[in-house]
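A.B. asks: My questions will all concern the structure given below.
Residue numbers (the numbering used here), protein chains in the order written: chain X, 1 to 109; chain Z, 1 to 131.
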């Protein structure tokens with residue numbers, strides 16, 4: 001199982017809207033980081049990550065997201081994570097990253 | 001469905017030290033935990049803990065990486081015990097994110113580091129009687 005990023009610039013809210021689908025782990029987390037960082041290079045705005053179809057995320061992917069967040073914050077922006085599944089939001093809590101990202105609308109499994 | 005558990009049984013996996021196959025370990029962990037009757041939340045915990053143990057071993061193994069590491073799943077009546085073993089002393093900072101996650105997700109967790117090899121052991125017990 002791999003992952004897919006579906007990104008579009010939200011003109012109305014002036015932010016990147018990105019849907020992450022699938023599983024992100026040590027195999028593809030650096031690829032995800034590069035793709036998200038490239039978006040920020042194109043337009044340095046806030047980013048909304050929809051995680052409704054994100055099935056798994058590991059520590060390397062969490063680290064990659066923190067790296068992207070640092071980049072976004074250097075431009076004064078923020079990252080919102082939406083619809084994170086409870087099993088994954090537990091991983092954010094364990095690592096205290098739920099306090100680092102803005103998390104909205106957890107969905108039930 | 002018949003009772004799958006007759007006596008303590010085990011599954012051994014030997015995986016390359018290659019990030020491409022961590023998903024294979026997760027699939028196996030998920031399948032075994034499901035077969036043992038663990039609940040959805042527990043299956044996710046076991047899957048994530050196994051994935052993090054594999055990630056730890058692969059990240060810490062010195063380059064150039066070659067060879068395999070071993071995973072053993074032991075299925076018991078009221079618990080699953082999982083051991084991940086590899087050659088060499090990988091060290092390990094207790095604050096390492098993978099280790100913090102495994103400790104939080106599983107009921108028991110130990111990391112044994114030595115010159116002969118590194119071993120991560122973890123146990124998850126059923127909250128209720130299985131059968």
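The C-beta atom is built at its ideal place from N, Cα and C for all residues, glycine as well. As the structure is a prediction and not an experimental result, all values here were calculated from the model.
So, does the region 22-34 of chain X touch the region 16-29 of chain Z, judging by three or more C-beta pairs under 8 Å?
C.D. replies: Contact between the region 22-34 of chain X and the region 16-29 of chain Z is present, because at least three Cβ pairs lie under 8 Å.
A.B. asks: By Cβ distance below 6 Å, which residues in the same chain neighbour residue 2(Z) in space, the five residues on each side in sequence not counted?
C.D. replies: A caution first: residue 2(Z) carries a pLDDT of 49, below 50, which makes its placement in the model too unreliable to give a value.
A.B. asks: DSSP has residue 79(Z) in a bridge; who is on the other side?
C.D. replies: Paired residue(s): 125(Z).
A.B. asks: Just to confirm, is the Cβ distance from residue 4(X) to residue 22(X) under 9 Å?
C.D. replies: Cβ distance < 9 Å, so residue 4(X) and residue 22(X) count as in contact.
A.B. asks: List the endpoints of the continuous alpha helix (DSSP H) containing residue 101(X).
C.D. replies: Note, residue 101(X): premise wrong, no alpha helix (DSSP H); not H, not E.
A.B. asks: Kindly list the residues whose CB is nearer than 6 Å to the CB of residue 133(Z), restricted to its own chain and excluding five residues on each side of it in sequence; keep chain order.
C.D. replies: Nothing about residue 133(Z) can be reported from this structure: the residues present for chain Z run from 1 to 131 only.
A.B. asks: Would you please state the rounded distance, in angstroms, between the beta carbons of residue 54(X) and residue 97(X)? I believe it to be under 8 Å.
C.D. replies: About 14 Å separates the two Cβ atoms, so there is no contact after all.
A.B. asks: Whole angstroms is fine: what's the gap from residue 39(Z)'s alpha carbon to residue 49(Z)'s?
C.D. replies: Cα to Cα, residue 39(Z) sits roughly 15 Å from residue 49(Z).
A.B. asks: Answer yes or no: does any C-beta atom of chain Z fall closer than 9 Å to that of residue 63(X)?
C.D. replies: It does; some Cβ of chain Z falls within 9 Å.
A.B. asks: Using C-beta distances below 6 Å, list every residue in its chain close to residue 44(Z), excluding the 5 sequence neighbours before and after it, in chain order.
C.D. replies: If we look at residue 44(Z) and ignore the five residues flanking it on each side, it has no Cβ neighbours.
A.B. asks: What does the Cβ neighbour count give for residue 29(Z), buried or exposed, with the cut at 16 atoms within 10 Å?
C.D. replies: When all chains shown are included, residue 29(Z) counts as buried.
A.B. asks: At the 9 Å Cβ level, is residue 125(Z) part of the contact set with chain X, yes or no?
C.D. replies: Cβ-Cβ to chain X under 9 Å: no for residue 125(Z).
A.B. asks: Using the three-state DSSP reduction, which class does residue 63(X) fall into: helix, strand or coil?
C.D. replies: Helix, per DSSP.
A.B. asks: Label residue 14(Z) either buried or exposed according to how many other C-beta atoms from any shown protein chain fall within 10 Å of its C-beta, with 16 as the threshold for buried.
C.D. replies: With fewer than 16 Cβ atoms within 10 Å of its Cβ, residue 14(Z) is classed as exposed.
A.B. asks: Taking the beta strand (DSSP E) that residue 12(Z) belongs to, which residues open and close that run?
C.D. replies: Residues 9-16.
A.B. asks: Can you give me the start and stop residues for the alpha helix (DSSP H) that residue 54(Z) sits inside?
C.D. replies: Per DSSP, residue 54(Z) belongs to the alpha helix (DSSP H) from 40-60.
A.B. asks: Go ahead and pull the three-state DSSP assignment for residue 23(Z).
C.D. replies: DSSP places residue 23(Z) in helix when its eight states are reduced to three.
A.B. asks: Identify every residue that forms a DSSP beta bridge with residue 8(X).
C.D. replies: In DSSP, residue 8(X) forms a bridge with 17(X).
A.B. asks: Using DSSP's beta-bridge definition, name the partner residues of residue 110(Z).
C.D. replies: Its beta-bridge partners are 121(Z).
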